[in-house]
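In this note's numbering, the protein residues as written are 44 to 154.
Beta carbons are placed, not taken as given, at the ideal position from N, Cα and C, and that holds for glycine.
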Amino acid sequence: MGRQADNETALRSAIRRAYYAVLGIAYERLVGSGWTLPRGSIHHHVWSAYASSIDPRHRDIANLGFPLRNLRNDADYKRRLPHTLPETATDALHSADELIALLNELDADEA
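Below, the structure is given as structure tokens:
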């Protein structure tokens, strides 16, 4: 495997890890507040639960979570990604940081 392929693999992995880190935190927060997971895609149900909330902070979380999921799907399933993969990985990491901060704010407000 060449250096370019190694770099692409690392960038795709960074996107995946950023997404799954946030998904896990978002999911645990929902379950901790009494939410029951319906059958089907946990990915869809987690972000939909936040999107359907009357709390605008929850909708902000969904508005970042759905696009991050799309980035993760692209990283996992698109064989060829645009030459902007480094920027996409950076965007995914920034989105994950922002989501974690928003989720931590919710936890702090409810403590």
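Going by the CB atoms, is the gap between residue j and residue i shorter than 8 Å?
i	j	result
alanine 132	alanine 64	no
arginine 100	leucine 149	yes
isoleucine 68	isoleucine 143	yes
proline 129	leucine 80	no
aspartate 134	leucine 124	no
leucine 114	tyrosine 62	yes
arginine 59	aspartate 119	yes
For residue i, report the span of its alpha helix (DSSP H) as first-last.
i	result
serine 76	Neither: serine 76 is in no alpha helix (DSSP H) and is coded neither H nor E.
serine 138	128 to 153
Let me know the secondary structure DSSP gives residue i once reduced to three states.
i	result
isoleucine 97	coil
leucine 54	helix
serine 84	coil
leucine 124	coil
Between residue i and residue j, what straight-line distance do the alpha-carbon atoms span, to the nearest angstrom?
i	j	result
alanine 94	tryptophan 78	14 Å
tyrosine 70	glycine 83	14 Å
asparagine 147	threonine 52	30 Å
threonine 127	histidine 88	29 Å
alanine 151	serine 91	22 Å
aspartate 103	lysine 121	27 Å
leucine 107	glutamate 141	8 Å
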